[in-house]
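Our numbering numbers the first residue of the sequence shown as 85 and each following residue consecutively. Every residue gets a Cβ at the ideal spot worked out from N, C-alpha and C, and that includes glycine.
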Amino acid sequence: MSTNLSPTEQAGKGKLLDRVRGAIRLKHYSLRTEQTYVDWIKRFIVFHGKQHPDTMGAEEIRQFLTHLAVERDVAAATQNQAFSALLFLYRVVLNRELPWIDGIERPKRPARVPVVLTPDEARTVLAAMHGTTRLMAQLLYGCGLRVMECVRLRIKDIDFGYLQITVRDAKGGHDRVTMLPVSLVEPLRRQIVKRGLMHEEDLAAGFGAVYLPGALARKYPNAARELGWQYLFAASNRSADPRDKSGATADQRHHISETLLQRAVKTAVRQTGITKPASCHTFRHSFATHLLENGYDIRTVQELLGHKDLSTTMIYTHVLNKPGIGVKSPLDRTTLTQ
C-alpha cells in the first residue's frame, strides 16, 4: 500500500494529528470542528491498537462505526460525525483515493418532530431568566439563532439602523441576515455600552485583542483591538488562543461559554414547570414555527434560518394554529353530538 508519509511520520501519532490540525486550519474550519475531528481520529487509532491509519482501510472504518452503533449505542448523528472525521483524514490529510468508501453505508438520521414551545411558554421561560443569559435567550427566540451563532456575535454585526443582525460564518460557512426585534434595541445598546467599558479596561491593561478569523489579522492589523470586532457577549476572564501552542499570542477576550447559556435555559424551564424537553435550540424551533403560524412565507423563514434546503424548513409545518392540520378528530365529533 502506497503512503505519502515519511517513516518518521508513520512512527508517531502526534505527527499525524499535527497534520490534521494544519489541514483543518487551512480550510478555515472552526475550532470546534478541529477538536471534534482530532478526537474521533484518536479514538479510531486507539480502537485498532494504535495502528497508523495509512495501514488501514474500509474494513477498519466499518468495524469502528459498527462498534459505535452496536456497543456504544451512539446516535446516527454521532456516527456520521465520526465518519466525516475519518473521511477528512483519508481524503484531505493522507491524500488517499477512497473508491472503497462507497461500500460503507452511512447511518441515516431518523426524522424527528422538533420540540416547540407555545408563545406563552416561550415568554414564561424568558421571564424566568435574568441578566446576560436572558438577553441571549431572547436573541435565540427573537432572531432564530443557533447557540454558537449567538455567543459568537460581534458588536459590528448589530445594525440598529436597519434593525437586522448579520450572522457570520454560520453552519455551512455561510453568512445570513436576520431581523433585530425592536424590543431588544435598548437592551442591546446597554450591552454594547457595558462591553465597551470592559474593552477599555482591557486596553488600559495592555490587552484588548480578540481572535479574528482567517487572514483578517494580517489584512487589518489594528482590527483586533477595535470595539466593533469584539464579541458582544464576552467571557469574564481573558485567555490564551487555544490554537496557539507556542504561547506567543497575548491573552485575549474570548466569547462567553455556550454552556452558561444552556444551563440557564435548562434551569428556567425546570423552574417554570414546563414538562417539554426544551433546550436552547427549542427557541429556534419555536421562532420558525411561530412565524409560519403568523402567516409568513416558508421561503422567508428558510432564509432567516439559513437553511440550504427547503425540506429542512418544512419540518416546522407540523405545528399549525389548527391542530391536526385542520382535520377534526372523530372523538371531538362524538363529544359534540352528545
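>> Using C-beta distances below 7 angstroms, list every residue in its chain close to H374, excluding the 5 sequence neighbours before and after it, in chain order.
In response: Position 290 of the sequence shown, counted from the start, is the residue given in the question as residue 374. So the list reads P203, once near-sequence residues are dropped.
> Is it the case that the Cβ atoms of T262 and G228 are separated by a distance below 7 angstroms?
Replying inline: Position 178 of the sequence shown, counted from the first residue, corresponds to residue 262. Position 144 of the sequence shown, counted from the first residue, corresponds to residue 228. Going by C-beta atoms, T262 is nearer than 7 angstroms to G228.
> Any idea if D138 is buried or exposed, counting beta-carbon neighbours within 10 angstroms, 16 or more meaning buried?
Replying inline: Taking the first residue of the sequence shown as position 1, residue 138 is located at position 54. Counting every other CB atom within 10 Å of its CB across the protein chains shown gives D138 a total of 16 or more, marking it as buried.
>> Check this for me: beta carbons of A307 and W313, under 7 angstroms apart or not?
In response: Indexing the sequence shown from 1 puts residue 307 at position 223. Indexing the sequence shown from 1 puts residue 313 at position 229. Contact flag set, yes.
>> Using C-beta distances below 8 angstroms, list every residue in its chain close to V209, excluding the 5 sequence neighbours before and after it, in chain order.
In response: Within the sequence shown, residue 209 is the residue found at index 125, counting from 1. Cβ neighbours of V209 beyond the five flanking positions: L201, A221, V349, A352, V353, T356, I358 and A362.
>> Would the segment 160–174 count as touching the segment 120–132 if we require 3 or more Cβ pairs under 8 angstroms?
In response: In short, these stretches touch, since the Cβ pair count reaches three.
> Can you give the beta carbon distance from I239 to L311, rounded, assuming they're within the 8 angstroms contact cut?
Replying inline: Within the sequence shown, numbered from 1, the residue matching residue 239 stands at position 155. Within the sequence shown, numbered from 1, the residue matching residue 311 stands at position 227. Right, the Cβ-Cβ distance comes to about 6 angstroms (below 8 angstroms), so this counts as a contact.
>> On a Cα-Cα basis, can you pick out the residue from Y315, D243 and F148 that is closest to A293?
In response: Here the question's residue 293 lines up with position 209 in the sequence shown. Nearest of Y315, D243 and F148 to A293, Cα basis: Y315.
> Can you list, in chain order, the residues of its chain whose CB lies under 6 angstroms from that of D259, leaving out five sequence neighbours each side?
Replying inline: Taking the sequence shown and counting its residues from 1, the one referred to as residue 259 is at position 175. Once the five neighbours on either side are set aside, the close Cβ partners of D259 are R252.
> Quick one: is L237 buried, meaning 16 or more other Cβ sit within 10 Å of its Cβ, or exposed?
Replying inline: Numbered from its first residue, the sequence shown carries residue 237 at position 153. With 16 or more Cβ atoms within 10 Å of its Cβ, L237 is classed as buried.
> What runs of the alpha helix (DSSP H), each 4 residues or longer, lie entirely inside the segment 212–263?
Replying inline: 215–227 and 231–235
> Mapping DSSP to helix, strand and coil, what is S168?
Replying inline: Numbered from its first residue, the sequence shown carries residue 168 at position 84. Helix, per DSSP.
>> In chain order, what are the residue ranges of uninterrupted alpha helix (DSSP H) at least 4 long that sit wholly in the segment 348–380?
In response: 364–377
> Is the Cβ-Cβ distance between V235 and E342 less than 7 angstroms?
Replying inline: Reading the sequence shown from its first residue, position 151 is the one you call residue 235. Reading the sequence shown from its first residue, position 258 is the one you call residue 342. With respect to E342, V235 sits close: the two C-beta atoms are nearer than 7 angstroms.
> Smallest Cα separation from R103: which of R156, H391, V176 and Y113?
Replying inline: Working through the sequence shown from its first residue, we reach residue 103 at position 19. Nearest of R156, H391, V176 and Y113 to R103, Cα basis: V176.
> Whose C-beta lies closer than 6 angstroms to the C-beta of F367 among residues of the same chain, with five residues either side of it excluded?
Replying inline: On the sequence shown, residue 367 is found 283 positions in, with the first residue counted as 1. L224 and Y225.
> Based on Cα-Cα distance, which residue from E285, K278 and A206 lies nearest to C364?
Replying inline: Residue mapping note: residue 364 aligns to position 280 of the sequence shown, counting from 1. Nearest option by C-alpha distance: A206.
> Helix, strand or coil: which one does DSSP assign to I136?
Replying inline: Residue 136 sits at position 52 when you count from the first residue of the sequence shown. Before going further, note that residue 136 is His rather than Ile in the sequence given. Correct three-state label for H136: coil.
> In angstroms, rounded to a whole number, what distance separates the CA positions of A289 and M398?
Replying inline: In the sequence shown, residue 289 corresponds to position 205, counting from 1. In the sequence shown, residue 398 corresponds to position 314, counting from 1. Cα to Cα, A289 sits roughly 51 angstroms from M398.
>> Within 10 Å of its beta-carbon, does Y246 have 16 or more other beta-carbons around it, so buried, or fewer, so exposed?
In response: Residue 246 sits at position 162 when you count from the first residue of the sequence shown. The residue in question, Y246, is exposed, as its Cβ has fewer than 16 Cβ neighbours within 10 Å.
> Run through DSSP, which three-state label would I409 get?
Replying inline: Position 325 of the sequence shown, counted from the first residue, corresponds to residue 409. Annotation note: pLDDT 47 at I409 (below 50); position unreliable, coordinate value reported separately. Coil at I409, not helix or strand.
>> Just list the residues that DSSP pairs A289 with in beta bridges.
In response: Counted from its first residue, the sequence shown places residue 289 at position 205. A289 is not bridged to any residue.
> Within 10 angstroms of its Cβ, does G390 collect 16 or more other Cβ (buried), or is it exposed?
Replying inline: Within the sequence shown, residue 390 is the residue found at index 306, counting from 1. Classification for G390: buried.
> In or out: L268 buried (at least 16 other Cβ within 10 Å) or exposed?
Replying inline: Against the sequence shown, residue 268 aligns to sequence position 184. Buried is the call here.
> Cα-Cα, which of P271, H339, V277 and E284 is closest to E295?
Replying inline: In the sequence shown, counting from the first residue as 1, residue 295 sits at position 211. Looking at the sequence provided, one finds Tyr at residue 295 rather than Glu. Taking only the C-alpha atoms, the option nearest Y295 is H339.
>> Going by the DSSP bridge assignment, what does A318 pair with across the sheet?
In response: Position 234 of the sequence shown, counted from the start, is the residue given in the question as residue 318. The partner list for A318 (beta bridge, DSSP) reads H339.
>> Tell me the DSSP secondary structure of S323 in three-state form.
In response: Within the sequence shown, the letter at position 239 stands for residue 323. It is a strand residue.
>> Just to check my reading of the structure: R322 and R309 have Cβ atoms closer than 8 angstroms, yes? What is that Cβ distance to the nearest angstrom?
In response: For the purposes of this step, residue 322 is taken as the residue at position 238 of the sequence shown. For the purposes of this step, residue 309 is taken as the residue at position 225 of the sequence shown. Between R322 and R309 the beta-carbon gap is near 13 angstroms, outside 8 angstroms, which marks them as no contact.
>> Distance check for G133 and L101, CA to CA, integer angstroms please.
In response: For the purposes of this step, residue 101 is identified with residue 17 of the sequence shown, where counting begins at 1. For the purposes of this step, residue 133 is identified with residue 49 of the sequence shown, where counting begins at 1. So the two alpha carbons sit approximately 16 angstroms from each other.
> Does the beta-carbon distance from F148 to F131 come in below 7 angstroms?
Replying inline: Residue mapping note: residue 148 aligns to position 64 of the sequence shown, counting from 1. Residue mapping note: residue 131 aligns to position 47 of the sequence shown, counting from 1. For F148 and F131, yes; Cβs fall inside 7 angstroms.
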